[in-house]
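What the sequence shown shows, in the numbering used here, is residues 49 to 682, in sequence order. Just so you know, even glycine gets a beta-carbon here, dropped at the ideal spot from N, CA and C. Report on one structure; see the data block that follows.
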Amino acid sequence: MNKKQRKWRNRILAAIALFAVTMVLEKTGAFDAAFGAAEVYAAFALYFAAFLIAGYDVLIKAWNNIRRGDPFDEAFLMTVATIGAFATIFFPETEPQSAEGCAVMLFYQVGELFQSYAVGKSRKSIADMMDIAPDYANIERDGALVEVDPDEVAVGSIIVVKPGERVPIDGIVTEGTSQLDTAALTGESIPRHVEAGAEVISGCINMTGILHIRTTKPFGESTVSRILELVENASEKKAKTENFITRFARVYTPAVTISAVVLAVVPPLLGMGPWTDWVLRGLTFLVVSCPCALVISVPLSFFGGIGGASRLGILVKGSNYLELLAKVDTVVFDKTGTLTSGTFNVVAVHPEAGVDADYVLSMAAYAEAFSDHPIALSIKQAYAGEIDEQRIRDAHEESGHGVRATVDERVVLVGNDKLMREHGSTWHDCELTGTILHVTVDGAYVGHIVIADVVKDDAAQTIHDLHEAGVRRCIMLTGDRSDVAEAVGEKLGLDEVHAQLLPEDKVNAVERLLTAEASDAKLAFVGDGINDAPVLMRADIGIAMGAMGSDAAIEAADVVLMDDKPSNIARAMRIARKTMRIVWQNIVFALGVKALILVLAALGIANMWLAVFGDVGVAMIAILNAMRAMRVPK
């Protein structure tokens, strides 16, 4: 609770104390003994003092709104209703409603304070996210570390991050080893180990060793800046339901104000009863009609859902996307970098009879020693030994086929079947799906190596969870070969697989799927590459991988997964659906209770105390329900 809220709370507590003392004095007859016939006015004075202490800011707000020509809001309704209740003291034939008028304002302010606290709590997870913004970056100058503004650090500069500090800018570790706490970004509780050559993103906390990092982006384009921008803009993109409630309140408030006036004036003019009775009914009608339960609880539900998702490293760019996510029944995936890791790995080494598998791998590693091709890098990474470059000569690549090198005076060929045919070597196919590298030494076939883009650990669980969540179809679109795509699709349990697609082919495929969708169903596309940006923008909702995804994909997407785990898609959908259930529960509950009490007020059955429940009580229950949207399991 901040300083302003504490002052507000203390003012309300003081007003409640004065209200309670006044009520005790009134009920025990103390006013009658002290003031006699003037007891009503003594009680009126103390109740009115408590009323002013608690609600003077509401009165000021209502007056300012009237002066601006925009009077119809909850402050106006509260002011008219409570002042009207106090005015009953001037009608001798009616019992004064001073206590009720004061109570309405007190409970209204208690509800407003509670709402303020609830909104503050819902912002906490997003506020924690906002704390990832670094205050400075350490640059080494003349042998000493100097703190500078992150915006002033040029790309390619070396920054130093000490233990306990946040990484201020994206970059690559040039020196040092450490553990990074990435929980604020990805929701991942396990620290990440980094060493020289590792990519690091801004916003992480350095936990152990000193790191020297060469920056790869300016601060304005770094991960932390993009996240802050997404979070700050999220509240500007309202859901259709949220916009409906805003429009509804603008029409509803003047409508019920006019209805209250008609209720208070027309019946007594027609001789249906005394003025005081119908005016009191009109005032009660006004108190009940206050729309704050809807106006506060619906946006709070969406804000809570966005905040809860951010705790898991799921950034939703607006409540409109949360609403769309709840309606998704078709999820379309890119393959590389989304369902698979996006990096080549050696998955098998198959030597010929009598040949050691390590020998096959070592010959391939030596032949690929001078290549920077991703396939060559995966072979060298899989080889456990040190490569002695003195043993290699005449190494060169044969484009599109493989490499040829002389290792220990022996000619080594590593490549595809085209390379084997070109050099007249014999080979045999492999039953595994992937990139097959055949290896010969002095013309003799010694075996082959299978390299593949490894499926992510949680990819199969993702498809299962999505089907469990009610997603009708999970489809993969990829530019990869058909055999590789089919193998991945079969392994993961995908409903459809479309392979060998160009970026424009993916857009056309999504267009066809969108055309076939039911009007109330939505299609989500999940991707990470720059070639996925057009499809992310065309889909009903685009979901991008944030940690390793391209800037274009993240910019085009509506939802960003900061930890690159596809399993968070199902979590995001569960959060979205839970949020929408809460939104509609609040709408139905608030309108239902208010409609009932409005009818009772018009019939003269509901008194001012029931009106207080119809307004403040309903609002507080709706807010408590809305706060459930923030609760998400990690």
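Going by DSSP, what residues sit across from residue 376 in a beta bridge? 570
Cα-Cα separation between residue 386 and residue 242, rounded to whole angstroms: 23 angstroms
Looking only at C-alpha atoms, which of 593, 406, 411 sits nearest to residue 611? 593
Endpoints, beta strand (DSSP E) assigned at residue 454: 450-455
Using 7 angstroms as the threshold, is the C-beta distance between residue 494 and residue 558 below it? no
Can you tell me which of 453, 445, 430 puts its alpha carbon nearest to the alpha carbon of residue 438? 453
If I measure Cβ to Cβ from residue 143 and keep anything under 8 angstroms in the same chain, skipping five residues before and after, which residues do I get? 136
Is DSSP giving residue 385 helix, strand or coil here? coil
Can you have a look at residue 567 and say buried or exposed, based on whether 16 or more other CB atoms are within 10 angstroms of its CB? exposed
When burial is assigned at 16 or more other CB atoms within 10 Å of the CB, is residue 282 buried or exposed? Note on residue 282: pLDDT 49, under 50, position unreliable in the model; the coordinate value appears next. Label assigned to residue 282: buried.
Own chain, CB closer than 7 angstroms to residue 235, minus 5 neighbours either side, in chain order: Confidence at residue 235 is low in this model, with a pLDDT of 48, below 50, so the placement of that residue is unreliable and no value is reported for it.
Any idea which residues DSSP pairs residue 151 with across the strands? Per DSSP, none; premise fails for residue 151.
Does residue 127 pass the burial test, meaning 16 or more other C-beta atoms within 10 Å, or should it be called exposed? buried
Just to confirm, are residue 216 and residue 182 a CB contact at a threshold of 7 angstroms? yes
For residue 229, which residues does DSSP report across the bridge? 253
Does DSSP put residue 99 in a helix, in a strand, or in coil? helix
Pick from 198, 614, 591, 51 that is closest to residue 269, judged by C-alpha positions: 198
Considering Cα atoms alone, identify which of 79, 337, 101 is closest to residue 640. 337
CA-CA distance, residue 263 and residue 505? 30 angstroms
Compare the C-alpha of residue 616 against each of 257, 510, 551, 675 and name the closest. 510
Identify every residue that forms a DSSP beta bridge with residue 186. 195, 208
Have a look at 607, 379, 423 and flag the residue whose alpha-carbon is nearest the alpha-carbon of residue 512. 379
If you follow the alpha helix (DSSP H) that residue 479 is part of, which residue opens it and which one closes it? Taken as a continuous stretch (DSSP letters only), residue 479 belongs to no alpha helix (DSSP H), as it is neither H nor E.
Can you name the start and end residues of the beta strand (DSSP E) that residue 679 belongs to? Counting along the chain, residue 679 falls outside any beta strand (DSSP E), and DSSP gives it neither H nor E.
Tell me which same chain residues have a C-beta within less than 6 angstroms of the C-beta of residue 405, skipping the five on either side of it? 397, 399
Looking at residue 363: is its Cβ nearer than 7 angstroms to the Cβ of residue 133? no
Between the CA atoms of residue 160 and residue 53 - distance to the nearest angstrom: 11 angstroms
Inter-residue Cα distance where the pair is residue 375 and residue 561: 15 angstroms
Note the first and the last residue of the continuous alpha helix (DSSP H) segment covering residue 537. 530-540
Residues bridged to residue 399 by DSSP? 495
Neighbourhood of residue 716 by C-beta distance below 6 angstroms, restricted to the same chain and skipping five residues each side: The requested residue 716 is not part of the displayed model; the chain covers only 49 to 682.
Is it buried or exposed, residue 83, if we count other Cβ atoms within 10 angstroms and call 16 or more buried? exposed
Helix, strand or coil: how does DSSP classify residue 524 here? strand
So what does DSSP say about residue 443, is it helix, strand or coil? strand
How would you label residue 58, buried or exposed, when you count the other beta carbons within 10 angstroms and need 16 or more for buried? exposed
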